[in-house]
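Student: With the numbering used here as the guide, the letters of the sequence shown map in order to residues 144 to 789. Glycine residues also receive a C-beta, built at the ideal position from the N, C-alpha and C atoms. It should be emphasised that the depicted structure is a prediction, and the values quoted were computed from it without experimental measurement.
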Amino acid sequence: MEHTIIFQPSGRRGQVPEGTTILEASRRLGVEIEAPCGEQMVCGKCRVKVMEGNFPKEGITSSMSHLSPQDEKELKVLERKESEENVRLACVTKVYGDILIFVPEGSRTGKQIVSKAARKIKVKLKPAVRKYYVELPEPNLDDPLGDFERLEEALAKDHGLKKLTIDYRALQKLPDVARQSDWKMTATVWMDREVIRVEPGKVETNIGLAVDIGSTTCASYLTDLNTGEVLATESMMNPQVRYGDDVMSRITYCMLNENTGLKELQGTIIEGLNTMVANAAKKAGFTTEDISEMTVVGNTAQHHLLLGINPEFMGVAPFTPALHASTDIKAERFGINILPGGNVHVLPIEAGFVGADNVGCLLADEPQKRKEITLLIDIGTNGELILGNKDKLLSCSCATGPALEGAQIEFGMRAAPGAIERIKIDEKTLEPTYRVIGNENWSDGKTNMKAKGICGSAIIDGIAEMFRAGILKKNGNVDMEVKSDRIRMGEKGVAEYVLAWKHETSIDHDIVINQKDVRAIQLAKGALYSGCVIMMRKLGVKSFDRLAIAGAFGSHIDKVAAMLIGMYPDCPLDKVEYVGNAAGDGARIALLNIDKRKEANEVARRVEYVELALEEDFNDRFGEAMQFPHMVDEFPHLKDILPPVK
């Protein structure tokens, strides 16, 4: 049996089988609802309101009785007032009759603002794909040699290419192209061994696409393979976020939906990639078929999900991936809309959750070629660390979770319009000022800033400022003895600091940073810091020479605020470098030089992976790192900023 479900304000409607959750129905109908916890019923971001009554215009009668009853777990997430006002969690509520659903603004997935800029990279041009112009002798009765053999002889004679093969689709087009062009044509050849395209006349256009698939953000760079120039950039929020913000949520989804989960997640990311392919090609004035090759980086889970490989076994000890080495696959094999015979090169994996994205960082930043010791932190939902130099390299993965990017935070959201992105707090008055994405002005406490929530850079700012102003103690507790109207006990009995009053927001609610938010950030920063100090111990060093912060999100973090809460050990602030999307830069390097692909495989096997969970002192180091900025470690470079110990 099927029932009608209608979503407002989008107006989307459709029929869904009985027992379908509201969230699943929204996905089928293309209605974006936040679900960062992967349907684990813990984040509460998927709140929707059930509209009851007879709706003649829509042709349905909507009732709470048409839905599955609330259970104890859902009631714990929702406030009593919300339950009385017909608010439900979309991830768990099942449909058993016709229903009209209103999706409030706070539950709608906004278009994320992501960094698109491509940094200049230095790399010798040696792409896998090259264009070769040839003029073939026309066949006759005395010389009836086949079209491909004729092309093969010309490429050998004019360009020294031997033992060539030809892609099936290129072979299909060869006879027509040859005769329509009077036997003058351009062959696109991959690795100087396979003809993957034939075009009439002399064609010099030779482009490829480098892609970084992050847990939260995907970025792509359309690149001229002849010059190395970036022709267009395209970024988007990873569409898999609808199945959970972190990789473990997505792995869990696959495990719980063993017949369809993996296929859904693979199809979702390929659909996203194809959207970026089409947009980038259109922006630069090309067709998608003009893209001859794609290189891809991503963490181990994203690698498996893209390739349609069951990620279940890397989710449990000993966290073994299906493949370490790089791999090459025809684009048409898994539906990526570039040149069908074009190659998709996926860079190698290191170990555990440290994947091809980390290898991309190594290609871009090259700590393995430096004498000085580098600590490279790729900050994201799955934090990855590299420590070392040309003599030795260590890496580890930190389960930072999505809190640093705004998830698991009461009013957290992605970096979309309406998100608070910067925060300052006056030490004397304890009054905040903040800036919202989409508005260049700072708040004044009176103007409606139309704030919708808090993104990752702001939650770090906010907690650092609360600590500096004395609102938070060293252990992270809100100091309720501090006198301010903004410090209060919330409706659920949780201490909170009011960042924006109701009249300053677009969600008809005060926006606060509460004690649970602080704890979520403490867990995330504690994981990063403990990873740093354990790798320093294993490398036998007490400090490092430079700190490189990578990632689209990492580039927006204030380095003083990050050090103030203890995301990484003390160091001179002038030694902190933002290296942008180093993983994406690594993908571009591999796209432009095939020797770098060999280097990527070599350095991936050279790095020593540290499994933090197996280190005997991990729990101790993690516990110490939970405090601001740390329980025992000193921060001399912050001596003029740190507040008195409480």
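Is DSSP giving D286 helix, strand or coil here?
Tutor: Strand.
Student: Going by the CB atoms, is the gap between N453 and L399 shorter than 8 Å?
Tutor: Result no, Cβ atoms of L399 and N453 do not sit closer than 8 Å.
Student: Taking the alpha helix (DSSP H) that T418 falls in, what are its first and last residues?
Tutor: Unbroken alpha helix (DSSP H) run through T418: 404-427.
Student: In or out: L536 buried (at least 16 other Cβ within 10 Å) or exposed?
Tutor: It counts as buried.
Student: Under DSSP, the beta strand (DSSP E) around C189 begins and ends at which residues?
Tutor: No beta strand (DSSP E) holds C189; DSSP gives it neither H nor E.
Student: Using the C-alpha atoms, what's the distance from V502 back to A693?
Tutor: Distance between the alpha carbons of A693 and V502 is about 13 Å.
Student: Pick out whichever of G357, S363, L166 has its Cα sitting closest to the Cα of I350.
Tutor: Cα-wise, what sits closest to I350 is S363.
Student: Please say whether E217 and S206 have beta carbons closer to each other than 8 Å?
Tutor: Contact: no.
Student: Once DSSP output is grouped into helix, strand and coil, what is the label at L807?
Tutor: Within the shown structure, residues of the chain are numbered from 144 to 789, placing residue 807 beyond reach of any answer.
Student: Grab the span of the beta strand (DSSP E) containing N442 for me, first residue to last.
Tutor: Unbroken run through N442: none, as it is neither H nor E.
Student: Beta strand (DSSP E) containing D367: first to last residue?
Tutor: Run containing D367: 360-367, per the beta strand (DSSP E) assignment.
Student: Report the option in Y577, I700, T411, L416 whose CA atom is closest to the CA atom of A353.
Tutor: With distances taken between Cα atoms, A353 lies closest to L416.
Student: Below 8 Å on the Cβ atoms is my guess for D688 versus I516; work out the distance and round it to an integer in Å.
Tutor: Right, their Cβ atoms sit about 5 Å apart.
Student: For A670, count neighbouring Cβ atoms within 10 angstroms of its own Cβ and tell me buried if that reaches 16, exposed if not.
Tutor: Buried, by the Cβ-count rule.
Student: Would you mind sorting S538 into buried or exposed? The rule is 16 or more other CB atoms within 10 Å of its CB.
Tutor: With 16 or more other Cβ atoms within 10 Å, it is buried.
Student: Starting from F150, follow its DSSP beta bridges and name the residues at the other end.
Tutor: In DSSP, F150 forms a bridge with I244.
Student: With DSSP as the reference, please indicate the residues paired to M379 in a beta bridge.
Tutor: Answer is C361, bridged to M379.
Student: Does the beta carbon of P454 come closer than 8 Å to any beta carbon on chain B?
Tutor: Judged by its chain identifiers, the structure shown contains no chain B, having just a single protein chain.
Student: Within 10 angstroms of its Cβ, does T403 collect 16 or more other Cβ (buried), or is it exposed?
Tutor: The residue in question, T403, is exposed, as its Cβ has fewer than 16 Cβ neighbours within 10 Å.
Student: Taking 8 Å as the limit between beta carbons, can you name the residues of its chain near T204, skipping five residues before and five after?
Tutor: Excluding residues within five positions, the ones whose Cβ falls inside 8 Å are G196, N197, F198, D241.
Student: Using the Cα positions of T366 and L374, report the straight-line distance between them to the nearest angstrom.
Tutor: Rounded to the nearest angstrom, the two C-alpha atoms are 5 Å apart.
Student: Please determine if the segment 516-525 and the segment 691-706 are in contact, where contact requires at least 3 C-beta pairs separated by less than 8 Å.
Tutor: Touching, per the Cβ criterion.
Student: Do the CB positions of D713 and P787 come within less than 8 Å of each other?
Tutor: The answer is no: Cβ separation not under 8 Å.
Student: How would you label P461, buried or exposed, when you count the other beta carbons within 10 angstroms and need 16 or more for buried?
Tutor: By the 10 Å Cβ count, P461 comes out exposed.
Student: Assuming R322 contacts S250 under a Cβ cut-off of 8 Å, what Cβ separation, rounded to an integer in Å, is found between them?
Tutor: The Cβ separation is near 59 Å, so there is no contact.
Student: How would you write the range of the beta strand (DSSP E) that Y275 sits in, first residue to last?
Tutor: Segment 272-278, the beta strand (DSSP E) holding Y275.
Student: Touching or not, the segment 552-560 and the segment 670-682, by the rule of three or more beta carbon pairs under 8 Å?
Tutor: Result no; under three Cβ-Cβ pairs closer than 8 Å.
Student: Report the three-state DSSP secondary structure of E93 (helix, strand or coil).
Tutor: The structure shown does not extend to residue 93, since the chain is modelled only from 144 through 789, so no value can be given for it.
Student: Given a cut-off of 8 Å, decide if H467 and M457 are closer than it, judged by their beta-carbon atoms.
Tutor: Cβ distance not < 8 Å, so M457 and H467 don't count as in contact.
Student: Scan the segment 489-577 and note each continuous beta strand (DSSP E) run of 3 residues or more that stays entirely inside, going in chain order.
Tutor: The qualifying runs are 517-521, 526-531, 536-541, 562-568.
Student: Can you list, in chain order, the residues of its chain whose CB lies under 8 Å from that of A474, leaving out five sequence neighbours each side?
Tutor: M437, N480, I481, L482, P483, G484, G485, N486, V487.
Student: Taking the alpha helix (DSSP H) that D728 falls in, what are its first and last residues?
Tutor: Its alpha helix (DSSP H) spans residues 725-735.
Student: State the CB to CB distance for the pair E564 and A601, rounded to an integer number of angstroms; the pair is presumed to be in contact (CB under 8 Å).
Tutor: Contact flag correct, Cβ pair sits at about 5 Å.
Student: Could you give the distance in angstroms between the alpha-carbon of I650 and the alpha-carbon of W644?
Tutor: Going by the C-alpha atoms only, they are around 11 Å apart.
Student: Can you tell me whether DSSP reads Y711 as helix, strand or coil?
Tutor: Looking at Y711 - three-state DSSP - the assignment turns out to be coil, as it is neither helix nor strand.
Student: In terms of residues, what are the limits of the alpha helix (DSSP H) holding P318?
Tutor: Run containing P318: 311-323, per the alpha helix (DSSP H) assignment.
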